[in-house]
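Visitor: A single structure is presented below for examination.
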Amino acid sequence: MDGSCCGPGYASPSEAVKAPQEKLLYSIAIYTGTGIQKPDYLATIDVDPQSSNYSKVIHRLEMPGIGDELHHMGWNACSSCHGDEKMSRKYLLVPGVRSNNIYVVDTASNPIAPCLHKIVDGAEIKTKTNLSGPHTVHCLGTEIIISFLGDAKGEAPGGYLHLNKDFEIVGRWENSMGDIPFSYDFWYQPRHNVMVSSEWAAPNTFMPGFDLEEVGHLKYGRRLHIWDFEKKKPIETMYLGEDGLIPLEVKFMHDPNSSHGFCGAALSANVIHFWKSSQDKWEWEKIIDVDNEPHPDWPIPIPGVMSALLVSMDDKYLYINNWLHGDMRQYNISDPHNPVLTGQVWMGGLLGKAPIVNGVKVTGGPQMYQLSLDGKRMYVTTSLFSTWDNQFYPEIRTKGGVMFMIDCDVENGGMQINKDFVVDFGKEPNGPSRCHESRYPGGDCTSDIWL
Amino acid sequence: MNKITIANRNNTIFEVKGTKPLLLELRSQGLDLPYGCQYGGCITCAAKLIHGEVDQRSQVALNNRQINDGYVVLCVARAKTDCTFEIGVESHDKLYRNPFIDPLSPHELKSNIAILKDKINESP
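Protein sequence lines correspond, in order, to chains G and X. Sequential numbering of the first sequence, starting at 2, is according to this note's numbering. Sequential numbering of the second sequence, starting at 2, is according to this note's numbering.
Listed below in structure tokens is the structure:
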């Protein structure tokens with residue numbers, strides 16, 4: 002599937018762009034918090050336009066128990082071990098944020114119908130590493146690290162679980178958390194010996210839902226952390242202040258020589274750009290500021306809630322979402338200091354700009370997205386996190402989530418919602434579920450890193 | 002033994018010892034209940050207490066408004082008396098609120114950061 006002569010992935014980002022078009026997509030879907038007493042599951046979606054099942058869920062792998070809240074996931078291997086012929090991109094690691102279990106799913110034996118290969122038991126993770134609230138999964142060559150947002154009792158800052166290639170617990174990855182108050186997402190760029198991590202909040206703070214007052218009580222993050230990747234310890238903090246309230250997703254450019262990266266500050270609805278200056282100093286600046294929007298029922302203007310962010314494989318475009326406003330945006334970042342808005346589409350949201358898309362009433366807004374390696378097809382889902390969905394979009398209980406596809410113009414810029422693609426998770430056999438993160442079997446724009 | 006009545010399940014009655022969390026006691030007797038973290042941190046298992054008294058001191062998920070509205074985190078709560086509950090998402094009408102439209106007062110925050118009413122009145 003990876004189309005390589007040796008290990009998984011691709012020799013370079015430019016090789017990855019040339020990969021064959023994806024035919025399958027894996028997306029997690031949850032029942033946790035919906036009132037339906039069924040397990041969360043991994044859905045296989047047919048995205049081959051030539052197939053009679055195009056735009057349909059063609060398989061559902063249910064987790065063994067209920068209440069996991071599947072959220073993000075990652076591959077056992079990526080282009081970081083392209084040169085290792087013993088490795089293959091075979092397993093998807095799917096953590097349950099609430100249960101603490103890590104499900105290792107075999108997607109290679111039968112790509113249409115993935116099966117459960119192993120469970121890294123959540124209780125064992127707590128006992129051996131004192132971690133809970135798993136989030137981002139990255140592979141490190143042949144090994145795997147997963148960020149956790151809390152200790153075994155759900156208090157910040159959590160840390161990093163280290164698994165070996167057989168998915169056995171090695172222990173904690175980091176040598177020190179320094180004075181980091183919160184954890185969330187991370188990305189690393191080995192040629193600069195750097196990792197950058199961001200901050201959401203303690204599991205005990207964000208899992209029950211969002212209380213705005215807790216931002217003022219400093220229960221939510223507002224910093225980025227620069228790590229010495231080899232020494233596995235944080236060395237510098239960027240305090241973003243009011244410009245960087247709740248900095249969530251963090252991505253470096255795919256070019257392994259680049260030191261430029263981006264973070265979306267969800268509550269401030271700003272994009273933070275960071276880079277290493279010619280004096281080897283880490284710098285940051287705010288490059289995109291989405292204004293809050295007035296709403297007749299709200300006492301204060303609605304913040305965008307920029308909950309995710311993605312860089313195209315060729316590093317030309319940055320994509321952001323505004324979950325409460327309802328728009329997805331494309332920026333040309335050829336000059337990362339001066340992004341240029343080149344595309345925007347609307348789906349759902351609270352501003353009423355696109356309540357119905359492709360015949361489906363959207364409850365929620367654009368929230369998680371995955372971009373094809375060639376940069377032309379973006380798959381977008383609408384649910385954020387069960388308790389937060391319930392607060393901002395209560396109708397999602399009965400309507401469920403939905404997946405759309407956006408056609409992205411990689412030559413001239415521009416975005417358009419594809420009229421032929423819609424997966425309505427409100428119509429799932431066990432009742433309305435909520436779809437979240439997606440992955441392609443051949444790798445994607447939010448997993449592969451080059452050494 | 003305490004009697005636990007589930008009001009929105011035809012007033013079905015379960016007898017519990019009060020030595021284990023209600024989630025465990027009720028599930029072991031066949032009541033289907035949602036749950037997540039199982040340590041009192043995530044409110045997936047929240048139910049509404051209509052009558053009775055529980056000990057849920059170890060919960061860390063609920064803010065004081067949710068507690069005042071009767072919500073109980075079943076995965077850590079133990080029954081101290083006979084209790085009547087509404088369970089499942091049907092009982093969650095007041096559990097979730099838009100935090101911008103309906104903000105919390107200082108005394109309604111989670112107990113570790115709440116400012117009690119007396120304290121507010123005392124301040125100049």
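No residue lacks a Cβ here, since even glycine has one placed at the ideal position from N, Cα and C.
So what's F426/G in DSSP terms, helix, strand or just coil?
Guide: Residue 426/G sits at position 425 when you count from the first residue of the first sequence. Helix.
Visitor: I'd like to know if I114/X contacts chain G, where contact means its C-beta is closer than 8 Å to some C-beta of that chain.
Guide: On the second sequence, position 113 is the one that residue 114/X refers to. For I114/X, the answer is yes, since a Cβ of chain G falls inside 8 Å of its Cβ.
Visitor: List the whole-angstrom C-beta distance separating R435/G from S384/G, where the pair is believed to meet the contact cut-off of C-beta under 8 Å.
Guide: Residue mapping note: residue 435/G aligns to position 434 of the first sequence, counting from 1. Residue mapping note: residue 384/G aligns to position 383 of the first sequence, counting from 1. R435/G to S384/G, Cβ: 4 Å. Contact.
Visitor: Would you say A62/X reaches chain G, if we count a Cβ-Cβ gap shorter than 8 Å as a contact?
Guide: Here residue 62/X corresponds to residue number 61 of the second sequence, with the count starting at 1. Yes, contact with chain G.
Visitor: Listing by chain order, which chain G residues have their CB less than 8 Å from the CB of I44/X?
Guide: Residue 44/X sits at position 43 when you count from the first residue of the second sequence. Chain G residues near I44/X: M208, P209, G210 and T388.
Visitor: If distances are taken between C-alpha atoms only, which option among S269/G, S15/G, W285/G and F405/G comes closest to W276/G?
Guide: As a working note, residue 276/G is residue 275 in the first sequence. Of the candidates S269/G, S15/G, W285/G and F405/G, the one whose C-alpha sits nearest the C-alpha of W276/G is W285/G.
Visitor: Excluding the five sequence neighbours on either side, which residues of its own chain have a C-beta within less than 7 Å of the C-beta of F230/G, listed in chain order?
Guide: Within the first sequence, numbered from 1, the residue matching residue 230/G stands at position 229. Closer than 7 Å at the Cβ level, and outside the excluded window around F230/G, lie Y189, P191, N194, V195 and M196.
Visitor: Hey, is I301/G's beta-carbon within less than 8 Å of any beta-carbon in chain X?
Guide: In the first sequence, residue 301/G corresponds to position 300, counting from 1. So, interface residue.
Visitor: Count the other CB atoms, across all protein chains shown, that sit within 10 Å of the CB of E294/G; report buried if there are 16 or more and exposed otherwise.
Guide: Taking the first sequence and counting its residues from 1, one reaches residue 294/G at position 293. Result: buried.
Visitor: Is the CB of N3/X under 8 Å away from at least one CB in chain G?
Guide: Working through the second sequence from its first residue, we reach residue 3/X at position 2. By this cut-off, N3/X is not an interface position.
Visitor: When the cut-off is 8 Å and only beta carbons count, does L32/X lie next to chain G?
Guide: Within the second sequence, numbered from 1, the residue matching residue 32/X stands at position 31. It does not: the Cβ of L32/X has no partner Cβ on chain G nearer than 8 Å.
Visitor: Quick check on L110/X - is its C-beta less than 8 Å from some C-beta in chain G?
Guide: Here the question's residue 110/X lines up with position 109 in the second sequence. Answer yes: the Cβ-Cβ gap between L110/X and chain G drops below 8 Å somewhere.
Visitor: CA-CA distance, D3/G and D47/G?
Guide: For the purposes of this step, residue 3/G is taken as residue 2 along the first sequence, with counting starting at 1. For the purposes of this step, residue 47/G is taken as residue 46 along the first sequence, with counting starting at 1. Because the pLDDT at D3/G is just 47, under 50, the model does not fix this residue reliably, and the point stays unresolved.
Visitor: Can you name, in chain order, every residue of its own chain whose Cβ lies under 7 Å from the Cβ of D107/G, other than the five neighbours on each side?
Guide: Within the first sequence, residue 107/G is the residue found at index 106, counting from 1. If we look at D107/G and ignore the five residues flanking it on each side, its Cβ neighbours are K91, Y92, P115, C116 and H118.
Visitor: Leaving out the 5 sequence neighbours to the left and right, which residues in its chain are closer than 7 Å to L26/G when beta-carbon positions are compared?
Guide: The residue you call residue 26/G lines up with position 25 of the first sequence. Cβ within range, chain order: I46, V48, Y380, S439 and Y441.
Visitor: In chain order, what are the residue ranges of uninterrupted beta strand (DSSP E) at least 3 long that sit wholly in the segment 57-145 of chain G?
Guide: If we require 3 residues or more, the beta strand (DSSP E) runs fully inside the segment 57-145 of chain G come out as 57-63, 92-96, 103-107, 116-121 and 133-141.
Visitor: Rounding to the nearest angstrom, what Cα-Cα distance links D445/G and H255/G in this structure?
Guide: Locating residue 445/G in the first sequence gives position 444, where the first residue counts as 1. Locating residue 255/G in the first sequence gives position 254, where the first residue counts as 1. In a straight line, the C-alpha of D445/G is about 11 Å away from that of H255/G.
Visitor: Tell me which same chain residues have a C-beta within less than 8 Å of the C-beta of H296/G, skipping the five on either side of it?
Guide: Counting from 1 along the first sequence, the entry for residue 296/G is found at position 295. Taken in chain order, the residues that qualify are P302, I303, L351 and L352.
Visitor: Compute the distance between the beta-carbons of H218/G and I114/X, then report whether it is under 8 Å.
Guide: Here residue 218/G corresponds to residue number 217 of the first sequence, with the count starting at 1. Here residue 114/X corresponds to residue number 113 of the second sequence, with the count starting at 1. Contact: yes.
Visitor: Please compile the residues from chain X whose C-beta is within a distance smaller than 7 Å of the C-beta of K129/G.
Guide: Sequence index remark: in the first sequence, residue 129/G carries index 128 (1-based). Result: empty, since nearest Cβ-Cβ is about 17 Å, beyond 7 Å.
Visitor: Looking at F263/G and L310/G, is the spacing between their C-beta atoms short of 8 Å?
Guide: If you number the first sequence from 1, residue 310/G lands on position 309. If you number the first sequence from 1, residue 263/G lands on position 262. Taking 8 Å as the Cβ cut-off, L310/G and F263/G qualify as a contacting pair.
Visitor: Whole-angstrom Cβ separation of V73/X and L50/X, contact assumed at under 8 Å?
Guide: Position 72 of the second sequence, counted from the start, is the residue given in the question as residue 73/X. Position 49 of the second sequence, counted from the start, is the residue given in the question as residue 50/X. The pair is a contact, with the Cβ atoms about 5 Å apart (cut-off 8 Å).
Visitor: State buried or exposed for Y11/G, treating a residue as buried only when at least 16 other CB atoms are found within 10 Å of its CB.
Guide: The sequence position of residue 11/G within the first sequence is 10, counting from 1. So Y11/G ends up on the buried side.
Visitor: How is P17/G classed by DSSP in three states: helix, strand or coil?
Guide: Sequence index remark: in the first sequence, residue 17/G carries index 16 (1-based). Per the sequence shown, residue 17/G should be read as Ala rather than Pro. Three-state DSSP puts A17/G in a helix.
Visitor: Measure the C-alpha to C-alpha separation of G245/G and D180/G and round it to an integer number of angstroms.
Guide: As a position in the first sequence, residue 245/G is number 244, starting the count at 1. As a position in the first sequence, residue 180/G is number 179, starting the count at 1. The straight-line gap from Cα to Cα measures roughly 18 Å.
Visitor: Please say whether P433/G and T35/G have beta carbons closer to each other than 8 Å?
Guide: By one-based count along the first sequence, residue 35/G stands at place 34. By one-based count along the first sequence, residue 433/G stands at place 432. Yes, the Cβ-Cβ distance between T35/G and P433/G is below 8 Å.
Visitor: Which whole-angstrom value is the C-beta distance of N431/G and K39/G, which I expect to be below 8 Å?
Guide: Position 430 of the first sequence, counted from the first residue, corresponds to residue 431/G. Position 38 of the first sequence, counted from the first residue, corresponds to residue 39/G. About 5 Å; that satisfies the 8 Å criterion.
Visitor: In whole angstroms, give me the CA-to-CA distance for I44/X and G37/X.
Guide: Numbered from 1 along the second sequence, position 43 holds the residue referred to as residue 44/X. Numbered from 1 along the second sequence, position 36 holds the residue referred to as residue 37/X. Roughly 8 Å separates the two Cα atoms.
Visitor: Assign S29/X to buried or exposed, taking buried as 16 or more other Cβ atoms, counted over all protein chains shown, within 10 Å of its Cβ.
Guide: By one-based count along the second sequence, residue 29/X stands at place 28. Under this definition S29/X is an exposed residue.
Visitor: Measuring straight from C-alpha to C-alpha, what distance separates G210/G and I288/G?
Guide: Here residue 210/G is taken as the residue at index 209 of the first sequence, counted from 1. Here residue 288/G is taken as the residue at index 287 of the first sequence, counted from 1. When rounded, the distance between both Cα atoms is 29 Å.
Visitor: Quick one: any contact between the segment 353-372 of chain G and the segment 338-345 of chain G, if contact means 3 or more CB pairs under 8 Å?
Guide: As far as the Cβ criterion goes, the segment 353-372 of chain G does not touch the segment 338-345 of chain G, which means the pair count is below three.
Visitor: On the three-state DSSP scale, how would you describe T82/X?
Guide: By one-based count along the second sequence, residue 82/X stands at place 81. Here T82/X sits in coil by DSSP.
Visitor: Could you tell me which residues DSSP puts in a beta bridge with M416/G?
Guide: Position 415 of the first sequence, counted from the start, is the residue given in the question as residue 416/G. Bridge partners of M416/G: C409/G.
Visitor: Where do the ends of the alpha helix (DSSP H) carrying W228/G lie?
Guide: As a working note, residue 228/G is residue 227 in the first sequence. Note, W228/G: premise wrong, no alpha helix (DSSP H); beta strand (DSSP E) at R224 to D229.
Visitor: At the level of alpha carbons, what is the spacing between A203/G and D56/X?
Guide: For the purposes of this step, residue 203/G is taken as residue 202 along the first sequence, with counting starting at 1. For the purposes of this step, residue 56/X is taken as residue 55 along the second sequence, with counting starting at 1. Their Cα atoms are separated by approximately 24 Å.
Visitor: Closest by CA to G402/G, which one among D69/G, I31/G, K24/G and V411/G?
Guide: The residue labelled residue 402/G in the question sits at position 401 within the first sequence. It is I31/G.
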